[in-house]
Structures are given as C-alpha cells and as structure tokens.
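Here's the structure, in structure tokens; my notes come after.
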Amino acid sequence: TVTVKRLKAVNGPLQGRTSTLDLDYSRANMVPTDYDTDLESAWSNLNLFSDGNDFSTETIEKNRNIYYQKQLANQINSQVTEMISLLTSSLNIHLNIGQSSLINTSQSFVSLETISIQSLKDRLVKQVENAQFNIPTDFILNTTSNSSISLRSRVDPLASYGNFQNTNLSRSISLSIIDQNGNEVSFAAHQNNPIQLIIPRDPNVLIPSMYLQNVTLINSTLNNLLFNYHYINITTSLPISVHFEIHSLNTNLAYLFIYKFDQTPLLNSSTNLIDGSTLFCPFNLINDDIYRYFIDNQQTPTHQSLIFGIRELNSTEMNNYCLNSSSINMSLPITDKPFNFTSNYELRIYTSGCYYLDENNNWKSDGLI
C-alpha cells in the first residue's frame, strides 16, 4: 500500500493535480557531486530542459525537476508492477475456480478471480466506480491450457503521467489473464467484435458549467451568416474524440449541426463543404434536455482545428425533418437565408481519449477506438 501511495504522490505534480514539494524542486536542481567528472550527466545538458530557445533559469529548473520526477515515477511504477505480480503469484495458487481475492483501498483496486476458460466468453468484468471490461464471445487466447485461468483487474485513482499530461482527469484500468503457471497470457479480440471498456473520470473533478450563447442578440444579416460558428483547437500528440452538449432554453426547438476540420463549414443551395452533420430534434431529448453529439478519435488525427456551426430550424423545416419520421437522415434542410434564433442555447465542449501505457511507460492509442 505504501508503494502504491508513492506512485500516486509522484504522479500528482506531473499531472498538475498537486503542487511540487519545495524539497523535491531543490534536490532536482542541486549540483550533483559528479558534476565535474560525469561528462554524460543529464543534469548539465541544458538542451534537455529548455523550451525551444528558452534557456532561462526558471525554465531550466522547472523542466529539470519534471525530468527527475518522471524518472522517479517510472521507477516506482516498475516497483508497483513487480509487487502486484508477486501478490498475484502468491494468491493464485490458493484460488480454485469460482473463488476470488480483492484489495480495495482509496489508493488502488486489485481483484483476482479464478474462472474456467469457457466462462470468459461474453463476460462482463466489473470494477469500482463503474469501470468495466466487456469481453466478446469470440476472441483469441494464447494458451495451451483448457481448464482454468485467473483474471486480474486493477483500477488506479490517477493515471500515470507517462508522456502525456491529458490523462490527469482519468482513472487508469487494466485487465490481465494469468495461466495456471502464473504467466500473463496474451489476449486479443477481432476487429468486428472488439473488447469494450469503460474508464471512469476522476469524480473529484467538477464538471464546468455550460456557457450561455446569446445568439438572439446577433444580427446575422450584416454578414449574411447562415450558421453560428464555434472554433475548437484539437492539436494534440495523441488522437482524441470531441464531445458536444447543447441545451436550448426552449426545448421545443430543433437545430442543424454541421462541422468541418481545419476550415469553416459551408452549407447552402450551391455549396456543400462539410465533414459531418446531424439534426437535433426535440424527440431526441432525454431527461436532462441536452442534445449530445461526438466525433470519434478515428476522424481527428492529422487535424489542428474543428469549426462547427449551429442554426435553428424554422417551423416548416421542423415539420418536414423532425415530425415527419420518413425524412429523418435522408437529407438535410438547406437554406440561403441568414440564421434566426428565437431562443438562446447553452454549450459545453470537451475532449476525451482512450490510451494504453506501453512497456516504456509511454501512452499509445493504436487499436483503441
């Protein structure tokens, strides 16, 4: 438990969730005893700690501290992995089919369960805070055993920093399959029937309020605007999905939503320059009266920005596209008239991603949708 606490403590400053201790900061920037003799010392390599052409003392000391914090995090992460492996080996020999062992603390959740291979098919592995793995019926299991295996599932309250700080609002989860000899077994699903998983966000982080868009005050005729546009910067080193939540102050209204990567989307009688669209109709609303839409992580890579537009449908369009079910998804309402909003709406946009930590403690995304 102490080692797991240390892992959370060292990841906290790296993830921007806790402050760096003054003692850690001073130790990282203290001149090492072998400074004059160790020509390969990372400590004196200023290029390693600069931000481009910024070689200021403040920047060097800040990045040097981060560098050594990362090294310590990798070291502790290896110790935690080894400790859990040893615990697994010790417990595994005492568990029969249908038996399980559980460690559930505020610092970590680890579950070990012995099952038959046959019962792995279409299995739902539940963890704390609604974290879960849904294993499909058809999968590839690299083992010669035909009797029993052990499932080891783990949830950590704060994802490791790795090489990507955008994991700082998320839990991290893992599922390992252990054979009768205590060895981890490789496991894969087919592309058309993948493993599904839910990774919970940190419940301690408050969800920001929606932002009110005073669109009724905009004079669209001045610039002949057909849509109210919004810009999002999606530049990132790993793929992300983009999520939209729209709450109309009048829930009886319908909207057309369009978007385009890296440039402004255009949709009128003569131009169709969009990458995607959807209609928001009142019958789509659920209990919280919020329209939701997301763009998955297969569409966003290689793009730097996303611009989306919203316009309110008039009564005729609403009758044709929302009340007449036969027209739904068959076409889009096209107009050349400037938008006319009769009510304001609230907007919330956020990004998310699904990543795995490789053997070098770097976050990767290939194979994850």
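For the sequence shown, my numbering gives the first residue as -14, with consecutive numbering after it. Where is the CB? At the ideal position from N, CA and C, for every residue including glycine.
Item to check | Proximity of I125 and V170 at Cβ, strictly below 8 Å | outcome: Taking the first residue of the sequence shown as position 1, residue 125 is located at position 140. Taking the first residue of the sequence shown as position 1, residue 170 is located at position 185. Not a contact, by the Cβ cut-off of 8 Å.
Item to check | Identity of the residue in S316, L80 and M303 nearest F268 by Cα | outcome: The residue given as residue 268 occupies position 283 in the sequence shown. Ranking the options by Cα distance to F268, first place goes to M303.
Checklist entry - With 16 as the cutoff for other CB atoms within 10 Å, does N235 come out buried or exposed? => result As a working mapping, residue 235 is identified with position 250 in the sequence shown. Around the CB of N235, fewer than 16 other CB atoms lie within 10 Å, so the residue is classed as exposed.
Checklist entry - Bridge partners of K245, per DSSP? => result In the sequence shown, residue 245 corresponds to position 260, counting from 1. Paired residues: I292.
Next on the checklist: One question on the structure: do I162 and L136 come within less than 8 Å of each other, judged by their Cβ atoms?
Outcome noted: Indexing the sequence shown from 1 puts residue 162 at position 177. Indexing the sequence shown from 1 puts residue 136 at position 151. Result yes, Cβ atoms of I162 and L136 sit closer than 8 Å.
Item to check | DSSP three-state assignment for I271, whether helix, strand or coil | outcome: For the purposes of this step, residue 271 is taken as the residue at position 286 of the sequence shown. Correct three-state label for I271: coil.
Checklist entry - Around the C-beta of K245, are 16 or more other C-beta atoms found within 10 angstroms, so that it is buried, or is it exposed? => result Walking along the sequence shown from the start, residue 245 turns up at place 260. Classification for K245: buried.
Checklist entry - Which residues in the same chain as L76 place their Cβ atom closer than 6 Å to its Cβ, once the five residues preceding and following it in sequence are excluded? => result Start at 1 with the first residue of the sequence shown, and residue 76 comes out as number 91. Cβ neighbours of L76 beyond the five flanking positions: S86 and L97.
Checklist entry - Which one of D260, Y240, L238 and L241 has the shortest CA to CA distance from Q248? => result Locating residue 248 in the sequence shown gives position 263, where the first residue counts as 1. It is D260 whose Cα lies nearest to the Cα of Q248.
Checklist entry - Between P229 and Y306, is the Cβ-Cβ spacing less than 8 Å? => result Translated into positions along the sequence shown, residue 229 becomes position 244. Translated into positions along the sequence shown, residue 306 becomes position 321. It should be pointed out that residue 229 corresponds to Phe in this sequence rather than to Pro. No, the Cβ-Cβ distance between F229 and Y306 is not below 8 Å.
Item to check | Burial state of A173 (16 or more Cβ within 10 Å) | outcome: For the purposes of this step, residue 173 is taken as the residue at position 188 of the sequence shown. Classification for A173: exposed.
Item to check | Distance between N272 and S233 (C-alpha atoms, nearest Å) | outcome: Sequence index remark: in the sequence shown, residue 233 carries index 248 (1-based). Sequence index remark: in the sequence shown, residue 272 carries index 287 (1-based). Taking the straight line joining both Cα atoms gives about 14 Å.
Next on the checklist: Can you find the residues in the same chain that come closer than 8 Å, C-beta to C-beta, to N257, ignoring five residues on each side of it along the sequence?
Outcome noted: The count along the sequence shown starts at 1 and reaches residue 257 at position 272. Answer for N257: L251, listed in chain order.
Checklist entry - Between which two residues does the beta strand (DSSP E) containing T263 stretch? => result Position 278 of the sequence shown, counting from 1, holds the residue named residue 263. T263 -> beta strand (DSSP E) spans G261 to F265.
Item to check | Pair within 8 Å by beta-carbon distance, P224 and G338 | outcome: For the purposes of this step, residue 224 is identified with residue 239 of the sequence shown, where counting begins at 1. For the purposes of this step, residue 338 is identified with residue 353 of the sequence shown, where counting begins at 1. A contact, by the Cβ cut-off of 8 Å.
Checklist entry - Per DSSP, K349 is paired with what? => result As a working note, residue 349 is residue 364 in the sequence shown. Y341.
Checklist entry - How many Å lie between N131 and N50 at the Cα? => result The residue labelled residue 131 in the question sits at position 146 within the sequence shown. The residue labelled residue 50 in the question sits at position 65 within the sequence shown. Computed Cα separation, rounded: 50 Å.
Checklist entry - Which residue comes first and which comes last in the beta strand (DSSP E) that contains S161? => result Within the sequence shown, numbered from 1, the residue matching residue 161 stands at position 176. Looking at the DSSP string, the run of the beta strand (DSSP E) that includes S161 is S157 to I163.
Checklist entry - What three-state label does DSSP hand I125 in the structure shown? => result In the sequence shown, the residue the question calls residue 125 occupies position 140. DSSP places I125 in strand when its eight states are reduced to three.
Next on the checklist: To the nearest angstrom, how far is the alpha carbon of S74 from that of L191?
Outcome noted: Indexing the sequence shown from 1 puts residue 74 at position 89. Indexing the sequence shown from 1 puts residue 191 at position 206. One C-alpha to the other measures close to 39 Å.
Checklist entry - At what residues does the alpha helix (DSSP H) containing E302 begin and finish? => result By 1-based counting over the sequence shown, the position of residue 302 is 317. Unbroken alpha helix (DSSP H) run through E302: S300 to M303.
Item to check | Residues near N218 by beta carbon distance below 8 Å, same chain, minus five either side | outcome: The residue labelled residue 218 in the question sits at position 233 within the sequence shown. Taken in chain order, the residues that qualify are Q289 and S290.
Checklist entry - Roughly how many angstroms separate the alpha carbons of T99 and D187, rounded to a whole number? => result For the purposes of this step, residue 99 is identified with residue 114 of the sequence shown, where counting begins at 1. For the purposes of this step, residue 187 is identified with residue 202 of the sequence shown, where counting begins at 1. Distance between the alpha carbons of T99 and D187: 29 Å.
Item to check | Unbroken beta strand (DSSP E) run spanning R139, endpoints | outcome: The residue labelled residue 139 in the question sits at position 154 within the sequence shown. From DSSP, the beta strand (DSSP E) with R139 extends over S133 to D141.
Checklist entry - From N347 to L211, what distance separates their C-alpha atoms? => result Position 362 of the sequence shown, counted from the first residue, corresponds to residue 347. Position 226 of the sequence shown, counted from the first residue, corresponds to residue 211. When rounded, the distance between both Cα atoms is 44 Å.
Next on the checklist: Only counting the same chain, and skipping five residues up and downstream in sequence, which positions put a Cβ closer than 6 Å to that of Y276?
Outcome noted: As a working mapping, residue 276 is identified with position 291 in the sequence shown. Same-chain partners within the cutoff: I231 and F265.
Item to check | CB contact flag (N115, P193, <8 Å) | outcome: For this step, residue 115 is matched to residue 130 along the sequence shown. For this step, residue 193 is matched to residue 208 along the sequence shown. Pairing N115 with P193 gives a Cβ-Cβ distance that is not under 8 Å.
Checklist entry - S328 and T206: beta carbons closer than 8 Å? => result The count along the sequence shown starts at 1 and reaches residue 328 at position 343. The count along the sequence shown starts at 1 and reaches residue 206 at position 221. For S328 and T206, no; Cβs fall outside 8 Å.
Next on the checklist: Can you check which of these residues, L197, I203, K322 and Y240, is closest to S255 by C-alpha distance?
Outcome noted: Here residue 255 is taken as the residue at index 270 of the sequence shown, counted from 1. Answer by Cα proximity: K322.
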